Amino acid sequence: MRFFKNCKSDASPACRILSFGGHVLLGLVVVAVVAVLIGWVVMTAWNAVMPGLFNLPLLNFWQAVALLVLVRLLTGRLHHHRPRHGRHGRGGKKKCKWMRCFHGEDAEDNDGLPPNPPQFAKWWWEEGETAFRAFQVRQAGSAQQDGAL
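Under our numbering, the first residue of the sequence shown is numbered 1290, with each subsequent residue one higher.
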């Protein structure tokens, strides 16, 4: 979208500066509209929930925006971090996650866990919980023995 239809890429520098300025102005307007919309959503959500649940005061728009900025500062989320090496890291291939291997997906790339995904899943549903409880009892017993020494 061009604000100045007569400005082409080979146009005069003044025309290109005006076109760039128009795009910057449009960007600032979009950012302002999004900020107002998010501030209004935070204010409305706060005023709908928090006073009734926790007996907190109502917020006006500017307090809601300040609260939003404060939360972003405290959580350290001022900007979005994109992965440096693509979606799956440096290797480019997604590793098989434990639960997906149970269902046979990426079975050849499962790093040996579990060795036979469908059979392991069947074992888990039939005997796994009992075996896990026994393991927990053994672990608790060894922790008590370590504490007694």
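Built from N, CA and C at the ideal position, the CB exists for glycine as well. Just so it is clear, the structure is predicted and the values come from calculations on it, not from any experiment.
Taking 8 Å as the cut-off, the beta carbon of L1356 is found no closer than this to the beta carbon of L1347. In the structure shown, L1315 falls within a helical segment according to DSSP collapsed to helix, strand and coil. Taking a cut-off of 8 Å for Cβ pairs, the segment 1350-1364 and the segment 1326-1337 touch, as three or more such pairs fall below it. A straight-line Cα-Cα distance of about 9 Å links L1345 and V1338.
Collapsing the DSSP output to three states places L1345 in coil. DSSP places S1308 in the helix class (H, G or I) of the three-state scheme. In the three-state reduction of the DSSP assignment, N1336 falls in the helix class, which pools H, G and I.
Counting along the chain, W1414 sits inside no alpha helix (DSSP H), nor does DSSP assign it H or E at all.
The DSSP-derived three-state label of G1365 is coil. Q1433 and W1412 have their C-alpha atoms spaced approximately 30 Å apart. Shown here, S1431 sits in a helix according to DSSP, grouped into three states.
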